[in-house]
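Here the working numbering is used: position 162 in the sequence shown is 150, and no number is missing along the way.
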Amino acid sequence: MTRRLGIFGAGGHGRSVASVARAAGWTDIVFFDPDWPVRTNNAAWPIAGTGEDITEAIAACDAVHVALGDNRKRLLLLDSLLSAGAEAPALIHPTAWVCPDCSIGRGTAIMAQSAVNIGTRIGRGVIVNTGALLDHDTEIADGGHLSPGSVLAGTVSVGECAWIAVGAHVLPGIKIGSDAVVGGGALVHREVPAGVTVVGVPAHSLDT
Ligand SMILES: CC(C)(COP(=O)(O)OP(=O)(O)OC[C@H]1O[C@@H](n2cnc3c(N)ncnc32)[C@H](O)[C@@H]1OP(=O)(O)O)[C@@H](O)C(=O)NCCC(=O)NCCS
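Below you can see the structure in the form of structure tokens.
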């Protein structure tokens, strides 16, 4: 029997998630988005409702995924759905390399051509975006986002809901605090405190 996946958030990231799900074998995919019924589809996939009533949305699907770009909002909605009994498997693109001994939390998306190396632990509601590279023993807390082409050297840890933007590099063993932002193309060579945004090569705080 065909299983239906409901994706919350019909934006560009939602489309990317749907394409990962399709590649991973999901054939029946619908979206939920507050813009329904003004919008009724997202690329090839229908928008089935607003998703505001999560009990109703969960009942209409076999599994769900939250595809909101805002890390905190994504984690909050995922936790509400999980508390309400939803199934939210990690979605992993078939071209991603995920070492078998890694742990991947519920509701996490692992996109095409990314690599998750030995000993890595990834929490729930994380985005490992296209071509992101996570070397051995990295730790990504819940709600983190590793943007396309970002590179984490071994034993890096990324705090809850932190964002590593496109093409940034983080040197071995560095800790990135919760809700911190590492700007596109940055090279991080020392700890980034919680809530701080850093940019540049080498990375420095946007506030200094
Ligand atoms: C770090 C970032 C989030 C900061 O955004 P912001 O707070 O809106 O910052 P602003 O655009 O106002 O820029 C503030 C200053 O930082 C500089 N700056 C911003 N991003 C920078 C970056 N990645 N590298 C170097 N300098 C940067 C700007 O030039 C500006 O400098 P100025 O004050 O001397 O003119 C953003 O620039 C960034 O890197 N985004 C990445 C986007 C991305 O990866 N998207 C993919 C999603 S999957």
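All C-beta atoms, glycine included, are put in the ideal place defined by N, C-alpha and C.
State the start and end residues of the unbroken alpha helix (DSSP H) segment that holds residue i.
{"i": "V5", "result": "0 to 11"}
{"i": "R(-8)", "result": "Not the alpha helix (DSSP H): R(-8) falls in the beta strand (DSSP E), residues -8 to -4."}
{"i": "I35", "result": "Taken as a continuous stretch (DSSP letters only), I35 belongs to no alpha helix (DSSP H), being part of the beta strand (DSSP E) at 33 to 37."}
{"i": "T126", "result": "It is not in any alpha helix (DSSP H) - T126 carries neither H nor E in the DSSP assignment."}
If we ignore side chains and look at the alpha-carbon of each, how far apart do residue i and residue j end up?
{"i": "A153", "j": "M(-11)", "result": "39 Å"}
{"i": "N30", "j": "L69", "result": "22 Å"}
{"i": "G(-6)", "j": "N117", "result": "20 Å"}
{"i": "V169", "j": "V26", "result": "33 Å"}
{"i": "T94", "j": "A76", "result": "Inspection of the sequence shows that residue 94 is occupied by Arg rather than by Thr. In a straight line, the C-alpha of R94 is about 6 Å away from that of A76."}
{"i": "T50", "j": "E148", "result": "Looking at the sequence shown, residue 50 is not Thr but Asp. Each residue's Cα considered, the two are about 27 Å apart."}
Find the nearest neighbour of residue i within the set the options, judged by alpha-carbon distance.
{"i": "V18", "options": "G111, R10, R27, I35", "result": "I35"}
{"i": "T83", "options": "A72, A100, G0", "result": "A100"}
{"i": "T126", "options": "S7, N105, P22", "result": "N105"}
{"i": "G(-1)", "options": "W33, A11, L66, A72", "result": "W33"}
{"i": "I164", "options": "G173, D16, L140", "result": "L140"}
{"i": "I162", "options": "I92, L122, S145, V54", "result": "S145"}
Between residue i and ligand 3, is the CB less than 6 Å from at least one heavy atom?
{"i": "S4", "result": "By its list of ligands, the structure shown excludes ligand 3, since it contains just ligand 1."}
Is residue i helix, strand or coil by DSSP?
{"i": "D67", "result": "helix"}
{"i": "A51", "result": "strand"}
{"i": "T185", "result": "strand"}
{"i": "N105", "result": "coil"}
{"i": "N29", "result": "strand"}
Practice problem: May I have a chain-ordered list of the alpha helix (DSSP H) segments no shorter than 4 residues that lie completely inside the segment 129 to 153? | Solution: none
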